[in-house]
Every structure is written in C-alpha cells, then in structure tokens.
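Counting from 1, one number per residue, gives the positions in the sequence shown under UniProt numbering. From the three backbone atoms N, C-alpha and C, an ideal C-beta is built for every residue, glycine too.
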Amino acid sequence: MLLLALESSCDETAAAVVKDGRHVLSNIISSQVDLHAVYGGVVPELASRRHLEVINPLVEDALNKAQIQPQDLQGVVVTRGPGLVGALLVGVSFAKAYAYALNIPVLGVHHIEGHIQAVQLEQKVEYPFLALAVSGGHTHLYRVDGIGRYQLLGRTVDDAAGEAFDKVAKMLGLGYPGGPVIDKLAATDDDGGIVFPRPMLKKDNFNFSFSGMKTAVLNYLHTLEVAPDEVTTRQIACAFQTAVVDVLTQKAMRAAKAENLNRIVVAGGVACNSGLRKKFLTLEKSSDIRVYFPSPIFCADNAAMLAVAGDYYLAHGSFSGLDLNAVSNWPLEQVKSI
Ligand code: ATP
Ligand code: MG
Ligand code: FE
C-alpha cells in the first residue's frame, strides 16, 4: 500500500510517504528545537501551534519528494499517542480530514510501536525479539512477538534515560536537547576517574531508575568549588553516559537471556547514542545475541516508522473511524494485534 504517515506527538512535525511498509519514498522532519531551546524544554502550547503552522506545507513537501499525487495514496497513518495531547491532536485532526477528503482509510498508531518497528524499514528482524525502547519519555523493555504483540518486562520507575540526558545537560549548561551534546563530549572517552552509581543494576528485575543518577551528578557539581571548566564538564558527561550505557546494556542482555531471545532491537531517540551502540556491539561479540539498531534518522522521531505497523494493520482491514482521538497516556501492551 502507498501510505502517508504523520507524526506530531512532541516537538517534531514529520510526514512520510512509505510503500508496503518498507520502501520510504520520502521522510521529512521539521524540528522545533530552536523554538523550545530558550525555555530549556518543550513548551506544549508552543509545540501545538508550530505543528499547526507547518503540517500543510510539510505534507505537500512529502508528496512532492515522493513524486506522487494525493489521489495515489491508499491510506493515512498517524501517531494517536502517547504524547502531548494538543500536539497529537494536530496530526490526528489533519489525518482524519485528509483521509476523509480522499475517501481512504485512516489509522491511529502507537508512537512506541512506531519506534520499535522502525528497524524493519531497513532490515528484516525476525520475531520474537527483545525491544529496548529508550527515548525522551520511555525506558522500557518489551518482549515482541509480532506487530501488535508486546509484553512489558521492565521499565523505568522514574525518569526516562533521554530525560536524564536532557536534565544533566541542563545542569552542565549544555543546552537542549542534551543527548546529542553529551554524546559528543563523551566520545573522548575521558571520565577523569569520576564514577556515578548504576541504580538498580543488581536488582533482580528489569526495571530502571535514572533520577538518582541525575542527583548524583548534581551532588558532584556541589562538591566542586568553582563551576566546572571545559575538561571537567567533558569528564562528567563521559562518566554519566558510561553509567547510563552500562545499566541499559546489562539489563537488556539479561532480559533477553531470561526470555530466551537471541535478538535485541534498540529503538527511540537515545538509540542514536554512539556509546550505547558501541557497548552493545562489544557485548554482542561475546554472546549469541544479535543487536539491531535503526539508522539514526529512524531512531529519532519520524513519520516513516509508523508505516511498518500501519501498513500491516491496514492491509489486514483494521482501521480507525472518524471518531479517532488523540490519547496522551496509552500503554503499549494495550495495543491489539490482529
Ligand atoms: P517518546 O518517544 O518516549 O514519546 P520523545 O519522542 O520525546 O519521547 P525521542 O524523540 O524518541 O523522544 O527521543 C528524544 C530523546 O533522545 C531526547 O531526550 C534526546 O536527548 C535523546 N537523544 C537524542 N540523541 C541522543 C544521543 N545521541 N545520545 C543520547 N540521547 C539522545
Ligand atoms: Mg523530540
Ligand atoms: Fe519518540
């Protein structure tokens, strides 16, 4: 099927044209980072307004890049949730109106299902696999038995890993979003001997906690008599990232073994992290587990990722009605398979 996919759950407006849930004909992302950077985080009302401004030209752009006409489309898929409700509503309302005008089906897709299945845009990963969904709002481990078949194994009990990256970057005066800048600083591999705790690593479950790690960084900053210089900032960033990566990789490997799974898919914005990728690739070598990452463009928020599950559902005759509504809170386990 030839689908238009739309994403507007947070601070990226994105539109894509995808054929048969695999072939990405266009994938356009309009980031609002500059708009929110001055506030040090996403301002929901500003996000909604910006989505509204850009969604029309963005869709036009996506169709042009794919060299198709609206009449060629066979369906519209859109992020239904979770996310900021006002932001989601822009995409959902647009998708419904667009599909109605073209007399084609519309389907609301789960944002995290999009992140997890994004890997299938570039390579075929067989089910079942373990998914580590690690992003601005999620740090969750799922057993994935197919599209629409997710079993939650563990999750963060407080902050998400991406959120911790953003908060630590803010403490260090590195701006927003924090992940990419900490990643860059940490690439020097110099932690200056600083060691931050690895919360819940020894616990016999698959949950995570990142709020304590963030406090540990703050406490460390308080022990310094002056504001950290460039070198110290780099070392703190490196020590923090190493601690996060340690916990994420070790818990994911352990969960995969416990579930007898020999494939791990890492998904979401934090899956862009080069330290995380490197560590997983090292661990992979000494085990029979294979680790899969989407390309960075499909890890961060994008619309193409929604078309993998979206195409499957629509091809099986499952679509939403025009009463489709945005849901800000929607656990992935509640997604229904066909
Ligand atoms: P969710 O997907 O849970 O709804 P979200 O959509 O806001 O949340 P994403 O866009 O998937 O989250 O990911 C954004 C997060 O990823 C931010 O917290 C950002 O700091 C983090 N991130 C992006 N690049 C990197 C990187 N290279 N290293 C670490 N974190 C990163
Ligand atoms: Mg974002
Ligand atoms: Fe996301």
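* **valine 24, enclosing beta strand (DSSP E) - first and last residue** => Valine 24 -> beta strand (DSSP E) spans 23-31.
* Asked: Comparing the CB of serine 287 with every heavy atom of the ligand FE, is any distance shorter than 6 Å?
  -> Result no, Cβ not under 6 Å from the ligand FE.
* Asked: What's the gap between the Cα of serine 41 and the Cα of asparagine 262?
  -> With the sequence shown as reference, residue 41 is identified as glycine, and serine is not the correct amino acid for it. As the crow flies, the alpha-carbon of glycine 41 is around 37 Å from that of asparagine 262.
* To do: Grab me the residues of glutamate 12's own chain with a C-beta within less than 8 Å of its C-beta, minus the 5 sequence neighbours each way, in chain order.
  => Only residues of its own chain outside the window of five on either side were considered, and among them Ile29, Ser30, Ser31, Gln32, Ala300, Asp301, Asn302 have a CB closer than 8 Å to the CB of glutamate 12, listed in chain order.
* Check whether glycine 162 and glycine 81 have beta carbons under 7 Å apart -> Not closer than 7 Å, so no.
* The alpha helix (DSSP H) with histidine 51 in it runs from where to where? -> Annotation for histidine 51: the continuous alpha helix (DSSP H) segment containing it runs 44-66.
* Within this structure, are the beta carbons of glycine 175 and phenylalanine 165 separated by less than 7 Å? -> No Cβ-Cβ contact shorter than 7 Å links glycine 175 with phenylalanine 165.
* Asked: Alpha carbon to alpha carbon, what distance is there between isoleucine 182 and arginine 22?
  -> For arginine 22 and isoleucine 182, the distance between alpha carbons rounds to 32 Å.
* Beta bridge counterpart(s) of threonine 249 as assigned by DSSP -> According to DSSP, which records beta bridges pairwise, threonine 249 is partnered with nothing at all.
* To do: Run the CB neighbour count on aspartate 159, radius 10 Å, all protein chains shown included, and call it buried at 16 or more, exposed below.
  => Buried is the call here.
* Among all the DSSP beta bridges, which residues are the ones paired with residue 341? -> In the structure as shown, the chain begins at 1 and stops at 338. Residue 341 is therefore absent and cannot be evaluated.
* Assign isoleucine 112 to one of three DSSP states: helix, strand, or coil. => Assigned with DSSP and collapsed to three states, isoleucine 112 falls in helix.
* **Nearest-angstrom beta carbon gap, leucine 314 and lysine 96 [assumed within contact, 8 Å]** => A Cβ-Cβ separation of about 15 Å leaves lysine 96 out of contact with leucine 314 under the 8 Å criterion.
* Asked: What does a CB cutoff of less than 6 Å around alanine 216 pick up in its chain, not counting 5 residues either side in sequence?
  -> When the five nearest sequence neighbours on each side are left out, the beta carbons in the same chain lying within less than 6 Å of the beta carbon of alanine 216 are those of Phe196, Pro197, in order along the chain.
* Asked: Using the C-alpha atoms, what's the distance from leucine 322 back to leucine 281?
  -> Going from the Cα of leucine 281 to the Cα of leucine 322 covers about 45 Å.
* Going by DSSP, name the residue or residues bridged to phenylalanine 208. => In the DSSP assignment, phenylalanine 208 is bridged to Thr156.
* Counted within 10 angstroms of its Cβ, other Cβ atoms place isoleucine 264 as buried (16 or more) or exposed -> By the 10 Å Cβ count, isoleucine 264 comes out buried.
* Asked: For aspartate 7, which three-state DSSP category applies?
  -> For clarity, residue 7 is glutamate in the given sequence; the question names aspartate instead. Strand at glutamate 7.
* **DSSP state of threonine 79 mapped onto helix, strand, coil** => Judged by DSSP in its simplified three-state form, threonine 79 adopts strand.
* **Neighbourhood of aspartate 191 by C-beta distance below 7 Å, restricted to the same chain and skipping five residues each side** => By the criterion of a C-beta distance shorter than 7 Å, aspartate 191 is surrounded in its chain by Gln235, Cys238, Ala239, Thr242, once the five residues flanking it on both sides are discounted.
* To do: Check valine 290 in the structure and name its three-state DSSP category.
  => This sequence places arginine at residue 290; valine is not what is there. Per DSSP, reduced to three states, the secondary structure at arginine 290 is strand.
* **Where valine 226 falls, given that 16 or more other Cβ within 10 Å makes a residue buried** => Valine 226 counts as exposed, since fewer than 16 other beta carbons sit within 10 angstroms of its beta carbon.
* **Beta-bridge partners of glutamate 163, as assigned by DSSP** => None, per the DSSP bridge assignment.
* the ligand ATP heavy atom lying under 6 Å from the CB of alanine 15 -> Checking the Cβ of alanine 15 against the ligand ATP gives no.
* **Where the alpha helix (DSSP H) containing threonine 282 begins and where it ends** => Threonine 282 -> alpha helix (DSSP H) spans 274-285.
* Asked: Within the chosen definition, does the segment 142-149 reach the segment 110-129 through at least 3 CB pairs nearer than 8 Å?
  -> When C-beta atoms of the segment 142-149 are compared with those of the segment 110-129, three or more pairs fall below 8 Å, so the two segments count as touching.
* To do: Report back the beta-carbon spacing between alanine 252 and leucine 132 to the nearest angstrom; my notes put them in contact at under 8 Å.
  => About 5 Å; that satisfies the 8 Å criterion.
* **Alpha carbon of valine 43 to alpha carbon of leucine 58, nearest angstrom** => Distance between the alpha carbons of valine 43 and leucine 58 is about 21 Å.
* Would you say the beta carbon of aspartate 166 comes nearer than 6 Å to a heavy atom of the ligand FE? -> Answer for aspartate 166: no, Cβ out of range of the ligand FE.
* Asked: In whole angstroms, what separates the C-alpha of glutamine 123 from that of proline 199?
  -> When rounded, the distance between both Cα atoms is 34 Å.
* **Check: serine 30 C-beta below 6 Å from any heavy atom of the ligand FE** => Every heavy atom of the ligand FE is 6 Å or more from the Cβ of serine 30, so no.
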